[in-house]
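Q:
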Amino acid sequence: MSRFFQAEVSGNIHLSQTHNILKLAPLQPHVRPAAGQFYLLRASETLDPLLRRPFSILRWDDMHLEFLVRLKGRGTLLLRNMRPGDSIDMLGPLGNGYPEPLKDETPILVAGGVGIASVFPLIGSVHAGTRLFYGAVNSTELYLLDDIKKLTGHIYISTDDGSMGFKGNAVERLIESLNDLAIANPAVYACGPEGMIAALLKFLNERGIPGYISFEEKMACGIGACLGCVIKTGQGYKRVCKEGPVFDVREIVC
Amino acid sequence: MNLSVNIGKLGLKNPVMTASGTFGYGEEYAEFVDLGSLGAIVVKGLSLLPREGNPPPRIVETPAGMLNAIGLQNIGVESFIKEKLPFLRRFNVPVIANFFGDSVDEYVGAAERLSDVQGIDGLEMNISCPNKQAGWLVFGTDPEVTSEVVSAVRKVTDLPLIVKLSPNVTDIALMARVAEDAGADAVSLINTVSGMAIDIKTRRPKLANITGGLSGPAIKPIGIRMVWDVFRAVSIPIIGSGGIMDGGDAIEYMLAGAAAVAVGTANFVNPTATMDILSGIKDYMTTNGIQDISTIKGGLIWEREDL
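Taken in sequence, the protein lines are chains A and B.
Position one of the first sequence corresponds to residue 1 (the numbering used here), numbered consecutively onward.
Position one of the second sequence corresponds to residue 1001 (the numbering used here), numbered consecutively onward.
Okay, here's the thing in structure tokens:
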């Protein structure tokens, strides 16, 4: 089985003007992913845009792989405009994924914006008591809520503008409610924008709470060769595509 | 069909090599490419001591290309010899160690150590990476300094010595002649083209290093032109690189005068690019009735009577 394979678009659901879910059916035997891993997708045979785009695996079964795509530029526009039957070539699954929680730990998932795609496979699958703190800019950018509610009742919504749930981001919501929830041995699994992650790192370090964060960096090869996607850790630069994208918060140099 | 080519005394089974910095230490691509099918593997640039490289962001995509400012992060010569070379020796493929230094002494030290060990078939001197701090670029842009550093390395190694040239010069043919006169067995060109990108929202450079090296299809015409310039100026073999994405691009470089090609950024876009390019070269030979790939070197028809 190869991690480099062709797939056919089997569905493309436009959730909003900026987000879509791309459902892909691999045409060749492929390696099954794990939560937190990612794929590089190439939407075009042309040389511009040149590089593949990385996406966390959102959901999968034996026949399909699904990705949440946020429109950012020309590459994601091509992915947004794909139609069922179109072909795409893929590289993945890549990276390390999230570690299994320890037996006595209660996972707390923290997702900001499109970061929900990364933690989504953990919802309802790792621990009955798993909590999800999910934040977005406003209520219209909270996606997959119906699917999430089918998987867990422990969901805490926040929006920057207060249009749904708590007014503020997912980390602020977490900080405010952690004491009230009286969660035994929390372990945080998170993915989100830079500011949210910085605040989360600070909080986890101050409280000594274990955590695993999925990082996003510009990358080219996705397999550890180009050294383009590094982040600073206590042991020097590490590759987001290879040693990550998920890092233990104790490794990260703020 | 004969695909073999010679780079000085180094024989390659075919002309498709990897470009330094784009193929890691080989193992990263072993799952996608039969490494033994390559003409040669040129590994990521090595310095005597490990280097941390530049802070991120290190890469940015540009139209039909990418800028990088990795900053020559590498594990150092000793770790390469101990940890990476044994893996590469499992394959029937020449290994070319790319190396660099901050001083003539560091170049010489790295070349000496790499020449000491079994399993390295050639050396490629990088005198041309644009991502180092000010002062370093002079190795690849000042003819006198180029001559000094290449001569010094030539004295300490019997391995085939390839000098990788910078495109960031006024006269690349002159630099190639200097390298040839100083004892280089071959030249490779081009390295990346110095470039820059700015985020207009933040007004900040997109790379932490501010400037970086442009690679990919965007620089192919520059590479072709420079290979053509150098082909007419030197008698040593040329390894052509810069934006080679398919077999046709490789043929274009060879028609301009390259004896072999090095595939770089294409590996990032398509992990099997080297094999696809090799297959494209074979297709071209079949279609055009070419028995021996080396016969097309410099085969550009440039006296155009129809003009």
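Virtual Cβ for every residue (Gly too), placed ideally from N, Cα, C.
DSSP on B/Ile1296, reduced to helix/strand/coil?
A: Translated into positions along the second sequence, residue 1296 of chain B becomes position 296. Looking at B/Ile1296 - three-state DSSP - the assignment turns out to be helix.
Q: Less than 8 Å between the beta carbons of B/Val1261 and B/Ala1176, yes or no?
A: Stepping through the second sequence from its first residue, residue 1261 of chain B is reached at position 261. Stepping through the second sequence from its first residue, residue 1176 of chain B is reached at position 176. Cβ distance not < 8 Å, so B/Val1261 and B/Ala1176 don't count as in contact.
Q: Which ranges does the beta strand (DSSP E) cover as unbroken runs of at least 3 residues, wholly within the stretch 1210-1239 of chain B, from first to last along the chain?
A: 1211-1215
Q: So is the beta-carbon of B/Asn1074 under 7 Å away from any non-hydrogen atom of the ligand FAD?
A: Inclusion of the ligand FAD in the displayed structure is not the case, the ligand content being empty and no account of it being possible.
Q: Within a Cβ cutoff of 6 Å, which residues of the same chain sit near A/Tyr237, ignoring the five residues on either side of it in sequence?
A: Taking the first residue of the first sequence as 1, we reach residue 237 of chain A at position 237. Excluding positions up to five away in sequence, the list reads Val230.
Q: Does any C-beta atom of chain A lie closer than 8 Å to the C-beta of B/Gly1065?
A: Residue numbering aside, residue 1065 of chain B sits at position 65 when the second sequence is read from its first letter. At least one chain A Cβ lies under 8 Å of B/Gly1065.
Q: Within 10 Å of its beta-carbon, does B/Ile1081 have 16 or more other beta-carbons around it, so buried, or fewer, so exposed?
A: Counting from 1 along the second sequence, the entry for residue 1081 of chain B is found at position 81. Residue environment: B/Ile1081 is assigned as buried (16 or more neighbouring CB atoms within 10 Å of its CB, all protein chains considered).
Q: Does any CB atom of chain B fall closer than 8 Å to the CB of A/Val137?
A: Residue numbering aside, residue 137 of chain A sits at position 137 when the first sequence is read from its first letter. Taking Cβ atoms only, chain B never reaches closer than 8 Å to A/Val137, which makes this a no.
Q: Which residues in the same chain as B/Met1226 place their Cβ atom closer than 7 Å to its Cβ, once the five residues preceding and following it in sequence are excluded?
A: As a first step, residue 1226 of chain B is located in the second sequence; it is residue number 226 there, counting from the start. Taken in chain order, the residues that qualify are Pro1167, Ile1172, Leu1189 and Ile1190.
Q: How is B/Asp1196 classed by DSSP in three states: helix, strand or coil?
A: By 1-based counting over the second sequence, the position of residue 1196 of chain B is 196. Sequence check: residue 1196 of chain B is Met here, not Asp. Reduced to three states, the DSSP call for B/Met1196 is strand.
Q: Between which two residues does the alpha helix (DSSP H) containing A/Asp146 stretch?
A: Here residue 146 of chain A refers to the residue found at position 146 of the first sequence. For A/Asp146, the enclosing alpha helix (DSSP H) has its first and last residue at Leu145 to Leu151.
Q: Could you confirm whether any beta carbon from chain A is found closer than 8 Å to the beta carbon of B/Gly1247?
A: For the purposes of this step, residue 1247 of chain B is identified with residue 247 of the second sequence, where counting begins at 1. So no, B/Gly1247 is outside the interface.
Q: Within the stretch 163-205 of chain A, note down every full beta strand (DSSP E) run reaching 3 residues or more, in order along the chain.
A: 186-191
Q: State the start and end residues of the unbroken alpha helix (DSSP H) segment that holds A/Asp248.
A: Residue 248 of chain A sits at position 248 when you count from the first residue of the first sequence. Not the alpha helix (DSSP H): A/Asp248 falls in the beta strand (DSSP E), residues Val246 to Asp248.
Q: Which residue wins for smallest C-alpha separation from A/Ser56, given the options A/Ser2, A/Leu27, A/Glu251 and A/Gly244?
A: Start at 1 with the first residue of the first sequence, and residue 56 of chain A comes out as number 56. Comparing Cα positions, the closest option is A/Gly244.
Q: With DSSP run on the structure shown, which of helix, strand or coil describes B/Asn1131?
A: For this step, residue 1131 of chain B is matched to residue 131 along the second sequence. Low confidence applies to B/Asn1131: its pLDDT is 46, below 50, so where it sits in the model is not reliable enough to give any reading.
Q: Near B/Asn1258, what residues of its chain come up, given a Cβ to Cβ distance below 6 Å and the 5 sequence neighbours on each side ignored?
A: Walking along the second sequence from the start, residue 1258 of chain B turns up at place 258. Before going on, a small fix: residue 1258 of chain B reads as Ala here, not Asn. Answer for B/Ala1258: Val1227, Ile1238 and Gly1240, listed in chain order.
Q: For the beta strand (DSSP E) holding B/Glu1061, just list the boundary residues, first then last.
A: Working through the second sequence from its first residue, we reach residue 1061 of chain B at position 61. From DSSP, the beta strand (DSSP E) with B/Glu1061 extends over Ile1059 to Thr1062.
Q: Got a sec? Which residues, its chain only, sit under 6 Å from B/Gly1242 by beta carbon, not counting five neighbours each side?
A: For this step, residue 1242 of chain B is matched to residue 242 along the second sequence. Ile1190, Ile1219, Lys1220 and Gly1223, listed in sequence order.
Q: Would you be able to state if there are at least three C-beta pairs under 8 Å between the stretch 1049-1066 of chain B and the stretch 207-220 of chain A?
A: By the criterion of at least three beta-carbon pairs nearer than 8 Å, the stretch 207-220 of chain A is in contact with the stretch 1049-1066 of chain B.
Q: B/Ile1070 CB to nearest chain A CB: under 8 Å?
A: As a position in the second sequence, residue 1070 of chain B is number 70, starting the count at 1. So yes, B/Ile1070 belongs to the interface.
Q: Taking 8 Å as the cut-off, decide whether the C-beta atoms of A/Ser139 and A/Thr152 are in contact.
A: The sequence position of residue 139 of chain A within the first sequence is 139, counting from 1. The sequence position of residue 152 of chain A within the first sequence is 152, counting from 1. No. Outside cutoff.
Q: In whole angstroms, what is the alpha-carbon distance linking A/Lys242 and B/Trp1302?
A: Numbered from its first residue, the first sequence carries residue 242 of chain A at position 242. Numbered from its first residue, the second sequence carries residue 1302 of chain B at position 302. Answer to the nearest angstrom: the Cα atoms are 47 Å apart.
Q: So what does DSSP say about A/Thr233, is it helix, strand or coil?
A: In the first sequence, counting from the first residue as 1, residue 233 of chain A sits at position 233. In the structure shown, A/Thr233 sits in a strand (DSSP, three-state: E or B).
Q: Examine chain B for any beta-carbon lying closer than 8 Å to the beta-carbon of A/Arg52, and answer yes or no.
A: Indexing the first sequence from 1 puts residue 52 of chain A at position 52. Yes, contact with chain B.
Q: Since B/Leu1048 and B/Val1077 are thought to touch, with beta carbons under 8 Å apart, how far apart are those beta carbons, to the nearest angstrom?
A: In the second sequence, residue 1048 of chain B corresponds to position 48, counting from 1. In the second sequence, residue 1077 of chain B corresponds to position 77, counting from 1. So it is a contact: roughly 6 Å between Cβ atoms.
Q: What span of residues does the beta strand (DSSP E) with A/Ile116 cover, start to end?
A: Stepping through the first sequence from its first residue, residue 116 of chain A is reached at position 116. Run containing A/Ile116: none in the beta strand (DSSP E); it sits in the alpha helix (DSSP H), Ile116 to Val119.
Q: Do A/Pro29 and A/Gly222 come within 8 Å of each other at the CB atom, strictly closer than that value?
A: In the first sequence, the residue the question calls residue 222 of chain A occupies position 222. In the first sequence, the residue the question calls residue 29 of chain A occupies position 29. Not closer than 8 Å, so no.
Q: Three-state secondary structure (DSSP) at B/Leu1187?
A: The residue labelled residue 1187 of chain B in the question sits at position 187 within the second sequence. Note that residue 1187 of chain B is Val in the sequence shown here, rather than Leu. Here B/Val1187 sits in strand by DSSP.
Q: Quick one, are the C-beta atoms of A/Pro121 and A/Leu65 less than 8 Å apart?
A: Along the first sequence, read from residue 1 onward, the residue named residue 121 of chain A stands at position 121. Along the first sequence, read from residue 1 onward, the residue named residue 65 of chain A stands at position 65. No.
Q: Going by the beta-carbon positions, is the gap between A/Leu79 and A/Leu15 smaller than 8 Å?
A: Translated into positions along the first sequence, residue 79 of chain A becomes position 79. Translated into positions along the first sequence, residue 15 of chain A becomes position 15. Their beta carbons are not under 8 Å apart, which means A/Leu79 does not touch A/Leu15 by this criterion.
Q: Under 8 Å: do the stretch 83-96 of chain A and the stretch 36-44 of chain A share three or more Cβ pairs, one atom per stretch?
A: yes
Q: In terms of residues, what are the limits of the beta strand (DSSP E) holding B/Pro1160?
A: As a working note, residue 1160 of chain B is residue 160 in the second sequence. B/Pro1160 -> no beta strand (DSSP E), and no H or E assigned at all.
Q: In the DSSP output, what is A/Gly11 paired with across the bridge?
A: For this step, residue 11 of chain A is matched to residue 11 along the first sequence. Answer is A/Lys23.
Q: So which of A/Gly224, A/Gly85, A/Gly113 and A/Val249 has the shortest CA-CA distance to A/Val240?
A: In the first sequence, residue 240 of chain A corresponds to position 240, counting from 1. Measuring from the Cα of A/Val240, the nearest candidate turns out to be A/Gly224.
Q: Closer than 8 Å is the cut-off here; do at least three beta carbon pairs connect the stretch 1265-1277 of chain B with the stretch 1199-1212 of chain B?
A: Taking a contact to require three or more Cβ pairs closer than 8 Å, the stretch 1265-1277 of chain B and the stretch 1199-1212 of chain B do not qualify as touching.
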